[in-house]
Amino acid sequence: MFDLVLKNGNLITMNNNDEILYNKDLFIKDGKIVAIKETSNKNKLDCRKKYDVTHKYLLPGFINTHTHIFQTLLRGIGADLNVWDWFETALDENVSNLKKEHCFISAKLGAMESIKSGTTTILDFNYPHPTGFLVDECFDAFSSVGIRSIVARAIIDQGKAHLKIINESEKEIYDCIRLLEKYHQNDNDMQHVWLAPYTIFSTSLQTYKRIVKLANEFDTSVTIHASTPSTIEESKALYGMKDIEFQYSQNLLANNVLAAHCTTDIDKSVLDILKKCDVKISHNPASNCYLGEGIAPIAEMLDHGLTVGLGTDGPASNNNHDMIFIIKLTALLQKVKYLKPEAISAETVLRLATIEGAKCVGLEKIIGSLEIGKKADISIFDLSSLNTVTMHDPIKSIVYSSNQNNVSDVIINGKFILKRRVFLEQNEND
């Protein structure tokens, strides 16, 4: 017996052939897509539930490859500040006394907001840690909402930029090991633990190397802020070269590394390093604009064969978790950067938000496309509203015209989380 059948939908699959399948029934069992068939009244519907999605478009849920979920409580505090003042005013002053309850409510709010824009997986770059067990609170919140999550436990143990949130290296490493043993070494594919040296200048080299070694021991991944004006400036001051070049010289780059931002001084030599090491890129266009850090050369990265996903970054430098906004902004900024409307296509950008994002977080075998055997993480779009009619091309309408109001339903791990724009197990008014 099937758990759920989605009847008569149009599937934007994001598979290897970029197929759009019209008028299909999609069958779900045990959290997975188990069949896709032509819709027909003759289809045997031995199922617990069926749901009519006629005229609607089903997509793999969006994958947010970089955010800081605690910043949900900091929207607008650092507006219009340069990055160094932003570090101090928006972050350090406010989060040096972060408590468990703050982390839980910010994670819950952020997860719910994410789902309303069609996001089904988030990677939370989790810092700071003025007290223990903050990551546990985030995981509890994510679990209560039902979103698939990766928490990258970050370490800040040196530097002038974050004096109020620096912690002892040994305590940080100990907590990383605790989290890996508790959450990463189990069969729960809804929760994953990564490790995160915050930046090249806020994590000591010795600790950074220990993080990389630990990640390899636990078969997990590493993410870091990289190649921004501030990371390059500080890396040159500390080590005499750009951060990507220094990381490469120290054997810190590999195919399990996700570099966030990469807006600055991305010349051919840097692209070659990233390609050689198979480093993945998380593109965060809104925060890059917000902090005046430039426009990442995504079109060139893709031409170079790099894997790129999209991220909102934290709400302190974006002010929301809206992946639909990020998708459109990505497309528009690349056209502005290269002064070419054809610099990047709507189809390519939608892939960055789905299957390419899945590759960035190492989950492409289970999410990122609508295919038999993959997890049923599905966002359902209704393109019949005022802002999307007339609709001549569904992908272009989603990328350039849609907004959160077009997301009618969200299914994660085979379960309705949002149905007819209402959370089934959460009360937004609470």
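In terms of UniProt numbering, the sequence shown has 377 at position 377, counting the first letter as 1, and numbering is strictly consecutive. For every residue, glycine included, the Cβ atom is placed at its ideal position computed from N, Cα and C.
When C-alpha distances from N403 are compared across K415, K213 and R421, the shortest belongs to R421. CA-CA distance, L11 to Y22, rounds to 6 Å. One thing to note: G414 has its Cβ within 9 Å of the Cβ of D30. In this structure, DSSP gives Q247 a helical state, which the three-state scheme calls helix. Around L58, the same chain offers G9, L11, I378 and I380 as residues with beta carbons nearer than 6 Å, after the five sequence neighbours per side are excluded.
Listed in chain order, the beta strand (DSSP E) runs fully inside the segment 149 to 218 are 191 to 197, counting runs of at least 3 residues.
If you look at A259, you'll find it in the beta strand (DSSP E) that goes V257 to H261. Distances from the CA of E217 to each of E181, Y248, T231 and F246 were compared; the closest alpha carbon is that of E181. The count of Cβ pairs closer than 8 Å, one atom from the segment 279 to 289 and one from the segment 254 to 261, reaches three, so the stretches are in contact.
Judged by DSSP secondary structure, F139 falls within the alpha helix (DSSP H) whose first and last residues are L134 to V145. With fewer than 16 other Cβ atoms from the protein chains shown falling within 10 Å of its own Cβ, E19 counts as exposed. Here the segment 81 to 101 does not lie against the segment 139 to 148, with fewer than 3 beta-carbon pairs under 8 Å apart. In summary, Q185 is exposed, with fewer than 16 beta-carbon neighbours lying within 10 Å of its beta-carbon over all protein chains present. Cβ contact annotation for T228 (same chain, cutoff 7 Å, sequence separation greater than five): H261, T263, T264 and E293, in chain order.
Burial check for E38: the Cβ neighbour count within 10 Å stays below 16, so the residue is exposed. The beta carbon of I344 sits closer than 8 Å to those of I298, A299, L302, T330, A331, Q334 and K335, all from its chain and outside the five residues before and after it, given in chain order.
For the set L91, I69, C360 and L4, the Cα lying nearest the Cα of K32 is the one of L4. Taking the C-beta atoms as reference points, K275 is found nearer than 9 Å to L306. Contact between P128 and I150 does not hold, since the beta-carbon distance rounds to 18 Å and is not under 8 Å. Looking at the DSSP output, V407 sits in a beta bridge with F381. Check the Cα spacing between I211 and each of M241, C176 and E234: the tightest is with C176.
Pairwise C-beta distances place the segment 86 to 95 in contact with the segment 157 to 165, as three or more of them are shorter than 8 Å. Taking C-beta separations shorter than 7 Å and ignoring five residues to either side along the sequence, the partners of S202 in its chain run I156, Q158, G159, A161 and H162, following chain order. Under the 10 Å beta carbon count, Q71 is surrounded by 16 or more other beta carbons and is classified as buried. Under the DSSP assignment, G357 falls in the alpha helix (DSSP H) whose first and last residues are I355 to C360.
Beta-bridge partners of Y22 (DSSP): none assigned. Taking all protein chains in view, the Cβ of R48 is surrounded by fewer than 16 other Cβ atoms within 10 Å, so the residue is classified as exposed. When secondary structure is reduced to three states using DSSP, K32 falls in the strand class. With respect to the 9 Å criterion, G78 and W86 are classified as neighbours on the basis of their beta carbons. Fully contained in the segment 61 to 109 are the following beta strand (DSSP E) runs of length 3 or more, in chain order: 62 to 67. H66 counts as buried, since at least 16 other C-beta atoms from the protein chains shown sit within 10 angstroms of its C-beta. According to the DSSP assignment, K7 belongs to the beta strand (DSSP E) that extends over F2 to I12. Closest in alpha carbon position to A107, among Y51, G314, Q247 and T89, is G314.
Between A376 and R75, the C-beta spacing is not below 9 Å. For I324 and L214, the gap between their C-alpha atoms comes out near 35 Å. In the DSSP assignment, Y51 forms a beta bridge with L6.
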